[in-house]
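Residue numbers (numbering that gives the first Met the number 0): 0 to 418. Below: the structure, in structure tokens.
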Amino acid sequence: MSRLLILGCGGVASVAVHKCCQNSEVFTEIMIASRTVSKCEALKAQLEGKTKTKISTAQVDADNADEVAALIERYQPDAVLNLALPYQDLTVMDACLKTKVSYIDTANYEPEDTDDPAWRAVYEKRCKEEGFTAYFDYSWQWAYHEKFKKAGIMALLGTGFDPGVTSVFAAYALKHYFDEIHTIDILDCNGGDHGYPFATNFNPEINLREVSANGSYWENGHWVETKPMEIKREYNFPEVGEKDMYLLHHEEIESLAKNIPGVKRIRFFMTFGQSYLTHMKCLENVGMLSTTPINYNGQEIVPIQFLKALLPDPASLGPRTVGKTNIGCIFTGVKDGKEKAIYIYNVCDHQECYKEVGSQAVSYTTGVPAMIGAMMVVTEQWKGCGVFNVEEFDPDPYMEALNRWGLPWVVCENPQIVE
Ligand code: NDP
């Protein structure tokens, strides 16, 4: 029996809400809240009468910590599941601290305005000290550890698929298959086709910022940075086939480097088709990916936000996307003195997801683990005071829940290795 406040009603939140409603024994009550309450109500209307979970809705601006805290005081949830944007992570964590309620999210903090001088000063220092230039990193949220510990509450960071399931796969591999893990390759393949020349599968602003940035990987205790899309490999993905994939910076590399003892190299690869890359390069070259506002006919416009308004809404891709995703990790290391490699992955079918919850697989593979992470917290299967990443807990109950709630996984003990 628990009461969960869910912030956001977009692609990922929609799946998480559907999954909480399937899991009414744990989530007896949920509240969906965002700036546009009509969207939250539309989501509620899809589920009412089909679930035992009692759903309510509210209007809230999660950029305002006091507003979120006031909503928490009113609703009295057991935890807050933040499925708004990474821009809101810190204000929501502040609200959770103020009200002493646990916090869960799927993406680490990133500022909306990367030209803000105060943020920029910290960012530039971090680039020099750490050696990677991504706008997002865990330092901002890890800095809340002592405050959360003192308040006796928990923050669970990054319980989507990647980060999230991929990090739990790492903890599971370490617990059951290795004495020491030496390399981790995280492979994110979307073999789906939505039929548009160009669209993003989740929030376009967040997605395009991520893939147009420099790549980087962790090797022998430090970061190695690459130009965007500089490292390309081909991989034959089970149930999807041969795809081109490119090395990106990704947030779980940072936490796995800290939490998997003895790891020597961690890389992240994502598949992209040629059409996607050509469109992105062109949009970047003409300035459409910029986050710096420009003045157009007396009105201030942020180019990437305007682009978002032109692109298909990721939520509308569900009915037209066919094919499968395959996301997983290849681990190498030693067990009982012998070298070995395993590949743990999940395959998800876009149309199956759409039939079940009305969303494509990219939202599904994030929304299901978001519900599972929230379940780990509210049922206290994962317990602690402070700020934690998912790989810091026992992976077994989470792995069991993945099988039960729609993301079954496979362990392959003789995988193709990425050179
Ligand atoms: P969407 O853009 O579809 O939805 C974002 C939601 O946030 C909207 O419902 C919006 O509602 C709400 N929102 C935005 N600003 C505010 C605000 N100030 N206050 C309250 N609500 C707000 O995004 P997605 O569903 O695609 O992604 C959600 C999160 O999941 C993102 O953080 C994304 O980075 C993360 N993600 C993580 C993945 C992983 O594997 N770990 C993979 C994919 C996504 P409204 O406009 O009504 O306020």
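Note that CB positions come from ideal geometry on N, CA and C, so glycine has one too.
C-beta atoms of Thr320 and Asp192 nearer than 8 Å:
As a position in the sequence shown, residue 320 is number 321, starting the count at 1. As a position in the sequence shown, residue 192 is number 193, starting the count at 1. Contact: yes.
Three-state secondary structure (DSSP) of Tyr108:
As a first step, residue 108 must be located in the sequence shown, where it is residue number 109. Coil.
At a cut-off of 7 Å, would you count Val417 as near the ligand NDP, judging by its Cβ distance to the nearest heavy atom?
As a working mapping, residue 417 is identified with position 418 in the sequence shown. False, no ligand heavy atom lies under 7 Å from that Cβ.
Proximity to Asp348 [Cα-Cα], best of Leu155, Ala340, Gly357, Arg232
Position 349 of the sequence shown, counting from 1, holds the residue named residue 348. Ranking the options by Cα distance to Asp348, first place goes to Gly357.
How would you call Asn200, buried or exposed, if buried means at least 16 neighbouring beta carbons within 10 angstroms?
Along the sequence shown, one-based indexing puts residue 200 at 201. Buried, by the Cβ-count rule.
Quick one: does the C-beta of Cys8 sit closer than 7 Å to a heavy atom of the ligand ZN?
As for the ligand ZN, it is missing from this structure, which binds only the ligand NDP.
Would you check if the stretch 292-302 and the stretch 328-346 touch, i.e. whether three or more CB-CB distances between them fall below 8 Å?
no
So, with DSSP's three-state summary, where would you put Ala142?
For the purposes of this step, residue 142 is identified with residue 143 of the sequence shown, where counting begins at 1. Ala142: coil per DSSP, three-state reduction.
Determine the closest residue to Glu24 out of Val377, Ala133, Lys43, Asp62, with distance taken between C-alpha atoms.
Locating residue 24 in the sequence shown gives position 25, counting from the first residue. For the residues Val377, Ala133, Lys43, Asp62, the minimum Cα distance to Glu24 belongs to Val377.
So, Thr225 versus Asn235, is the Cβ gap smaller than 8 Å?
On the sequence shown, residue 225 is found 226 positions in, with the first residue counted as 1. On the sequence shown, residue 235 is found 236 positions in, with the first residue counted as 1. Going by C-beta atoms, Thr225 is not nearer than 8 Å to Asn235.
Rounded C-alpha distance that separates Asn422 from Thr98
Outside the modelled stretch of the chain, which goes from 0 to 418, sits residue 422, for which no answer is possible.
Check whether the stretch 379-387 touches the stretch 32-50, counting contact only when three or more Cβ pairs, one atom from each stretch, lie closer than 8 Å.
no
DSSP on Lys174, reduced to helix/strand/coil?
Stepping through the sequence shown from its first residue, residue 174 is reached at position 175. If DSSP states are grouped into helix, strand and coil, Lys174 belongs with the helices.
Where Gln209 falls, given that 16 or more other Cβ within 10 Å makes a residue buried
Here residue 209 refers to the residue found at position 210 when the sequence shown is read from its first residue. Reading off the sequence, residue 209 comes out as Glu, not Gln. Classification of Glu209: buried, given that the 10 Å Cβ count is 16 or more.
Which residue or residues does DSSP assign as beta-bridge partners of Thr324?
Reading the sequence shown from its first residue, position 325 is the one you call residue 324. When DSSP reads this structure, Thr324 sits in a beta bridge with Asn189, Cys347.
With distances taken from CA atoms, which of Phe135, Glu111, Val333, Ala106 is nearest Trp11?
The residue labelled residue 11 in the question sits at position 12 within the sequence shown. For the record, residue 11 in the displayed sequence is Val; it is not Trp. When C-alpha distances from Val11 are compared across Phe135, Glu111, Val333, Ala106, the shortest belongs to Ala106.
Given the structure, does Gln87 come close to the ligand NDP, in the sense that its CB is under 7 Å from one of the ligand's heavy atoms?
Locating residue 87 in the sequence shown gives position 88, counting from the first residue. Under cutoff, so the answer is yes.
Can you find a heavy atom of the ligand NDP that lies under 7 Å from the Cβ of Asn202?
The residue labelled residue 202 in the question sits at position 203 within the sequence shown. Yes; taking the cut-off as 7 Å, the Cβ of Asn202 has a heavy atom of the ligand NDP nearer than that.
Need the endpoints of the alpha helix (DSSP H) that Ala308 sits in, please.
By 1-based counting over the sequence shown, the position of residue 308 is 309. First-last of the alpha helix (DSSP H) with Ala308: 302-309.
Please report the distance separating the alpha-carbon of Glu338 from that of Glu179.
Along the sequence shown, one-based indexing puts residue 338 at 339. Along the sequence shown, one-based indexing puts residue 179 at 180. If I take the Cα positions, the gap works out to 10 Å.
Measuring CA to CA, which of Pro203, Ala69, Ser362 is closest to Met287?
Position 288 of the sequence shown, counted from the start, is the residue given in the question as residue 287. If we check each option's Cα against that of Met287, Pro203 comes out closest.
Taking 8 Å as the cut-off, decide whether the C-beta atoms of Ser274 and Pro368 are in contact.
What you label residue 274 is simply residue 275 of the sequence shown in a count that begins at 1. What you label residue 368 is simply residue 369 of the sequence shown in a count that begins at 1. No, they are not a contact pair.
By a C-beta neighbour count over all protein chains shown, 10 Å radius and 16 as the cutoff for buried, is Asn323 buried or exposed?
Residue 323 sits at position 324 when you count from the first residue of the sequence shown. According to the sequence shown, residue 323 is Lys rather than Asn. Counting Cβ neighbours within 10 Å, Lys323 comes out buried, since at least 16 surround it.
Less than 8 Å separating the beta-carbons of Asp77 and Leu6?
Reading the sequence shown from its first residue, position 78 is the one you call residue 77. Reading the sequence shown from its first residue, position 7 is the one you call residue 6. In this structure, Leu6 does not lie closer than 8 Å to Asp77 by Cβ.
Integer Cβ distance of Ile183 from Leu84, believed to fall under 8 Å
In the sequence shown, residue 183 corresponds to position 184, counting from 1. In the sequence shown, residue 84 corresponds to position 85, counting from 1. Contact flag wrong, Cβ pair sits at about 27 Å.
Determine the DSSP secondary structure at Leu84, reduced to helix, strand or coil.
Taking the first residue of the sequence shown as position 1, residue 84 is located at position 85. Leu84 falls in the coil class under three-state DSSP.
Extract the residue ranges of the beta strand (DSSP E) inside the stretch 6-40, only unbroken runs of 3 or more that lie entirely within it.
Listed in chain order, they are 28-33.
Just to confirm the assignment, what range does the alpha helix (DSSP H) spanning Arg403 have?
Here the question's residue 403 lines up with position 404 in the sequence shown. That run of the alpha helix (DSSP H) goes 394-403.
Got a sec? Which residues, its chain only, sit under 6 Å from Leu306 by beta carbon, not counting five neighbours each side?
As a working note, residue 306 is residue 307 in the sequence shown. Excluding positions up to five away in sequence, the list reads Met287.
Would the C-beta of Pro313 count as close to the ligand NDP, meaning under 7 Å from any of its heavy atoms?
Along the sequence shown, read from residue 1 onward, the residue named residue 313 stands at position 314. Yes, the beta carbon of Pro313 sits closer than 7 Å to at least one heavy atom of the ligand NDP.
Which word fits Glu399, buried or exposed, when buried means at least 16 other C-beta atoms lie within 10 angstroms of its C-beta?
As a first step, residue 399 must be located in the sequence shown, where it is residue number 400. Answer is exposed; the Cβ neighbour count stays below 16.
From which residue to which residue does the beta strand (DSSP E) around Asp243 run?
The residue you call residue 243 lines up with position 244 of the sequence shown. 240-246 is the extent of the beta strand (DSSP E) around Asp243.
By alpha-carbon positions, which one of Val91, Gly130, Tyr143 ends up nearest to His221?
Position 222 of the sequence shown, counting from 1, holds the residue named residue 221. When only C-alpha atoms are compared, the closest one is Gly130.
Taking only the alpha-carbon atoms, compute the straight-line gap between Ser101 and Val389 and give it to the nearest angstrom.
What you label residue 101 is simply residue 102 of the sequence shown in a count that begins at 1. What you label residue 389 is simply residue 390 of the sequence shown in a count that begins at 1. Going from the Cα of Ser101 to the Cα of Val389 covers about 14 Å.
Figure out for me which residue from Lys53, Lys354, Met228, Gly332 has the closest Cα to the Cα of Phe26.
Locating residue 26 in the sequence shown gives position 27, where the first residue counts as 1. Distances from the CA of Phe26 to each of Lys53, Lys354, Met228, Gly332 were compared; the closest alpha carbon is that of Lys53.
Residue burial classification, Lys43 (beta-carbon count within 10 angstroms, cutoff 16):
Taking the sequence shown and counting its residues from 1, one reaches residue 43 at position 44. Buried, since its Cβ has 16 or more Cβ neighbours within 10 Å.
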